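Student: Take a look at the following structure, please.
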Amino acid sequence: MYKKVFDVTQTNGRKAPAVSANRDPKALITTMLDVSPVEVAATDELPYPNMAAFYNNEKQTLYVKRNVGDSVAVAQCVAQELGHAQLSINSESYSRRDMGFQAVCIGYMICKKY
Numbered sequence: 012m013y014k015k016v017f018d019v020t021q022t023n024g025r026k027a028p029a030v031s032a033n034r035d036p037k038a039l040i041t042t043m044l045d046v047s048p049v050e051v052a053a054t055d056e057l058p059y060p061n062m063a064a065f066y067n068n069e070k071q072t073l074y075v076k077r078n079v080g081d082s083v084a085v086a087q088c089v090a091q092e093l094g095h096a097q098l099s100i101n102s103e104s105y106s107r108r109d110m111g112f113q114a115v116c117i118g119y120m121i122c123k124k125y
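Numbering-wise, our numbering comes out as the position in the sequence shown, counting from 1, plus 11.
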């Protein structure tokens, strides 16, 4: 039994669009917060001091810590917490602990692409 296969030269697929040249983490943070599916609030303290952002499912709010120096770390944390927010919206039985890995994957993909 044989299967048909194609060589890459026999296909006419399009190339993926080029990644935008703007890699400014502050612009990414602004964009992510603008399109957030939940309310966003600035705060001075979070439940976990080493985090730059935290999604509270009970209040349906994304809290972002003020005056965090490293904008790349903030962008990564906001992307991950937005993953938690989106997962909680799409799930009836949201558990931060159970969906943590999925949120990390979402954050990784957002940061990798943009």
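Glycine included, each C-beta is placed from N, C-alpha and C at the ideal position. Source: prediction; values computed, not measured.
Report the residue from Lys-76, Asn-68 and Thr-72 whose alpha carbon sits nearest the alpha carbon of Pro-60.
Tutor: The option with the nearest alpha carbon to Pro-60 is Lys-76.
Student: Grab the span of the alpha helix (DSSP H) containing Thr-22 for me, first residue to last.
Tutor: Element bounds for Thr-22: n/a, residue is neither H nor E.
Student: Let me check one thing: in DSSP terms, what residues is Asn-78 bridge-paired to?
Tutor: Looking at the DSSP assignment, Asn-78 forms no beta bridge with any residue, so it has no partner.
Student: In terms of alpha-carbon separation, which member of Thr-22, Ala-90 and Thr-54 lies closest to Lys-37?
Tutor: It is Ala-90 whose Cα lies nearest to the Cα of Lys-37.
Student: Do Gly-111 and Glu-92 have their beta-carbon atoms positioned less than 9 Å apart in this structure?
Tutor: No, they are not a contact pair.
Student: Where Val-51 and Lys-26 are concerned, what is the direct C-alpha to C-alpha distance, given to the nearest angstrom?
Tutor: Computed Cα separation, rounded: 36 Å.
Student: Taking its Cβ as the centre, do 16 or more other Cβ atoms sit within 10 Å of Val-49, making it buried, or is it exposed?
Tutor: The residue is buried, with at least 16 neighbouring Cβ atoms inside 10 Å.
Student: Using only alpha-carbon positions, find the residue among Thr-41, Asp-109 and Cys-122 that is nearest to Leu-95.
Tutor: This sequence places His at residue 95; Leu is not what is there. If we check each option's Cα against that of His-95, Asp-109 comes out closest.
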